[in-house]
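S.K.:
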Amino acid sequence: MIKEYINSKDNKKYYEVKNEYLGKNVYTGKEKRISKKGFRTKREAQNYIVKAKNEFLNGSNFLRSENITFGDVYKLWEEQHKTQVKESSYHTIKTILDKRILPVFKELKIINIKLPYCQNFINEVSKTYKKGYVTLIKGTIVQILDYAVKMEIIPTNYMKLTKVPKKIEEKKKNYYTKKELLQFLKIVKENYSSETYVAFRILAFTGIRLGELRALTWKDINFKKKTLTISKNMMNIGSKSKISTTKTKSSERIIFLDDETIKELKSYRELDNFISINNGIFIKNSRHYFNGMLLRIYRDFPKLKQITPHGFRHTHATLLFESDLSAKEIQNRLGHKDITTTLNTYTHITDEKSKETTEKFYKFMSI
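Start counting the sequence shown at 1; every next residue gets the next number (UniProt numbering).
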């Protein structure tokens, strides 16, 4: 804005540039404005504004929207994002970015990332990866482009408008029935180490997460009260393991153990070759060890139904539902933040229970 004013010292007319907007610093998000007095003519003031805008637009703190790449925005977004999430979550997203997103998007001019390109990308990755993983890839790109919209670099986040294709596929049940679980545990007990058997029994009979199992110490077990305290988690950061807090505050919990599991834990602790009760319960506690051990069992006994380590948590929840425990009790035992998570995760069981309830009610009402 250019304004006319009278200088009180010489009583002459001058022009001033007041609060003129130059642009926004793409790195800080702050607006740059200028003000200056003392121009003898309006043309001088206008020339000053033009010169200031050119200097700002060509300066090191400003990038023209048409020159900004996805990689430029990613760097800015990353600085903010990594301070707001847990280290393990950041590492997971960083891996997805490095392997799946940046090789495709990094050099693209951000103003050229339109809906057709975004939808084509989602369609292509959907041919290779499962819907949940594709949704995670999409969600990460959405966050970065949302940041670009917030910084007024682009007007629209087109990735938000894409649809993840639905796949017609047979959904593999990643859990055991009661009969399948007992068969698995019998084979493990008879053919593998006590450590291996105890580990998989705890997973199946408590429903704890693999990271929670790996972090267990003997101090977490109260043999007198027959309880297991979950207060920490072991996560992987690259090739290293690190003890952290549990996934959520609600994941901190005390689980009661059955007599047989207590008995097996006592026997395992009393082994002659046990190092120290102050160490972790499982000497071999890497994620790769448990995954590898499970693969070895399935290789040795190919007729066994195959599930993932997390499948033992699903198995526990499934059997809890089948034993007629309430959803609230199951939520507390699994350490879910809210009951919606429990119900949504195990809808295949709750649907069956609803059907069973209907049949029982109909039978009761039948004359």
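We put the CB at the ideal spot given by N, CA and C, even for glycine.
Measuring CB to CB, does Leu-203 end up less than 8 Å from Leu-213?
M.R.: For the purposes of this step, residue 203 is taken as the residue at position 203 of the sequence shown. For the purposes of this step, residue 213 is taken as the residue at position 213 of the sequence shown. Yes; because the gap between Cβ atoms is below 8 Å, this pair is in contact.
S.K.: Rounded to whole angstroms, what is the Cα-Cα separation between Lys-99 and Glu-87?
M.R.: Locating residue 99 in the sequence shown gives position 99, where the first residue counts as 1. Locating residue 87 in the sequence shown gives position 87, where the first residue counts as 1. In a straight line, the C-alpha of Lys-99 is about 18 Å away from that of Glu-87.
S.K.: How about Glu-16 and Lys-36: do their beta carbons lie closer than 8 Å?
M.R.: As a position in the sequence shown, residue 16 is number 16, starting the count at 1. As a position in the sequence shown, residue 36 is number 36, starting the count at 1. Contact flag set, yes.
S.K.: Let me check understanding here. Comparing Cα to Cα, which of Leu-334, Lys-263, Ile-2 lies closest to Phe-223?
M.R.: By one-based count along the sequence shown, residue 223 stands at place 223. The shortest Cα separation from Phe-223 among Leu-334, Lys-263, Ile-2 belongs to Lys-263.
S.K.: Report the rounded CA-to-CA distance for Glu-322 versus Lys-127, giving the unit in angstroms.
M.R.: Taking the first residue of the sequence shown as position 1, residue 322 is located at position 322. Taking the first residue of the sequence shown as position 1, residue 127 is located at position 127. The C-alpha of Lys-127 is placed about 36 Å away from the C-alpha of Glu-322.
S.K.: Mapping the DSSP letters down to three states, classify Glu-20 as helix, strand or coil.
M.R.: Against the sequence shown, residue 20 aligns to sequence position 20. Strand, per DSSP.
S.K.: Counting Cβ pairs, one atom from each stretch, are 3 or more of them under 8 Å apart for the region 227-245 and the region 312-322?
M.R.: no
S.K.: Which value, in whole angstroms, describes the spacing of the CA atoms of Met-151 and Ile-111?
M.R.: Locating residue 151 in the sequence shown gives position 151, counting from the first residue. Locating residue 111 in the sequence shown gives position 111, counting from the first residue. Roughly 13 Å between the two C-alpha positions.
S.K.: From the DSSP output, in three-state form, read off Ser-276 for me.
M.R.: Taking the first residue of the sequence shown as position 1, residue 276 is located at position 276. Any answer about Ser-276 is weak, because its pLDDT of 49 lies below 50 and its placement is not dependable; what the coordinates show is given next. Coil.
S.K.: Ignore the nearest five residues each way along the sequence and tell me which others in Lys-337's own chain have a CB closer than 7 Å to its CB.
M.R.: Numbered from its first residue, the sequence shown carries residue 337 at position 337. Result list for Lys-337: Thr-248, Ser-250, in chain order.
S.K.: Taking the beta carbon of Tyr-21 as the centre, do at least 16 other beta carbons fall within 10 Å, making it buried, or is it exposed?
M.R.: Position 21 of the sequence shown, counting from 1, holds the residue named residue 21. Tyr-21 should be labelled exposed.
S.K.: List the DSSP bridge partners of Thr-229.
M.R.: Within the sequence shown, residue 229 is the residue found at index 229, counting from 1. According to DSSP, which records beta bridges pairwise, Thr-229 is partnered with Ile-254.
S.K.: Alpha carbon to alpha carbon, how far is Asp-259 from Thr-92? Give it in angstroms, no decimals.
M.R.: Locating residue 92 in the sequence shown gives position 92, where the first residue counts as 1. Locating residue 259 in the sequence shown gives position 259, where the first residue counts as 1. Approximately 38 Å between the Cα atoms of the pair.
S.K.: Given Val-149, which residues of its chain have a CB within under 6 Å of its CB, disregarding the five upstream and five downstream residues?
M.R.: Locating residue 149 in the sequence shown gives position 149, counting from the first residue. Here the set comprises Asn-157.
S.K.: Counting only runs that start and end within the region 36-89, where is the alpha helix (DSSP H) found for 4 or more residues in a row?
M.R.: 42-57, 70-81
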